[in-house]
Amino acid sequence: MSYCLQQALELLNYRCTYLELCEAMDHIARNLRREVMPYMDQFFQLSYGKNAGPDECLVFDPGSAFVAKDKAKRRRGQRRRPA
2 MSYCLQQALE
12 LLNYRCTYLE
22 LCEAMDHIAR
32 NLRREVMPYM
42 DQFFQLSYGK
52 NAGPDECLVF
62 DPGSAFVAKD
72 KAKRRRGQRR
82 RPA
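For the record, in the sequence shown the residue sitting at position 44 is 45 according to my numbering, with numbers rising by one throughout.
Here it is as structure tokens:
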């Protein structure tokens, strides 16, 4: 499974959303099952919260934390104050 993660990251040049990464890992794992390891019974599962969907935030991007925080504030009716 870590092989699939590493290959997917390289394929996507380490810049992608969590959803893109999960789809790439799944594609690589399916190819492995078909060509090399037909009995591999492990699969990827992506878990996320309502404040930051898998298609909204980039992997390894610290700015993504602000997306979730801002979205949570907007849900509560609070607005970000200008600096």
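Yeah, the Cβ is synthetic: ideal placement off N, Cα and C, and Gly gets one too. Keep in mind that this is a model prediction, so the values were computed, not measured.
Distance CB(C17)-CB(V60) smaller than 8 Å: Yes, the Cβ-Cβ distance between C17 and V60 is below 8 Å.
Span separating the alpha-carbon of K70 from that of V37: Going by C-alpha positions, K70 is about 43 Å away from V37.
Span of the alpha helix (DSSP H) around L33: For L33, the enclosing alpha helix (DSSP H) covers residues Y19 to E36.
Extent of the continuous alpha helix (DSSP H) to which S48 belongs: If you look at S48, you'll find it isn't in any alpha helix (DSSP H); DSSP assigns it neither H nor E.
Given A9, which residues of its chain have a CB within under 7 Å of its CB, disregarding the five upstream and five downstream residues? In the same chain as A9, and ignoring 5 residues on each side of it, the C-beta atoms closer than 7 Å to its own belong to L22, A25, M26 and I29, in chain order.
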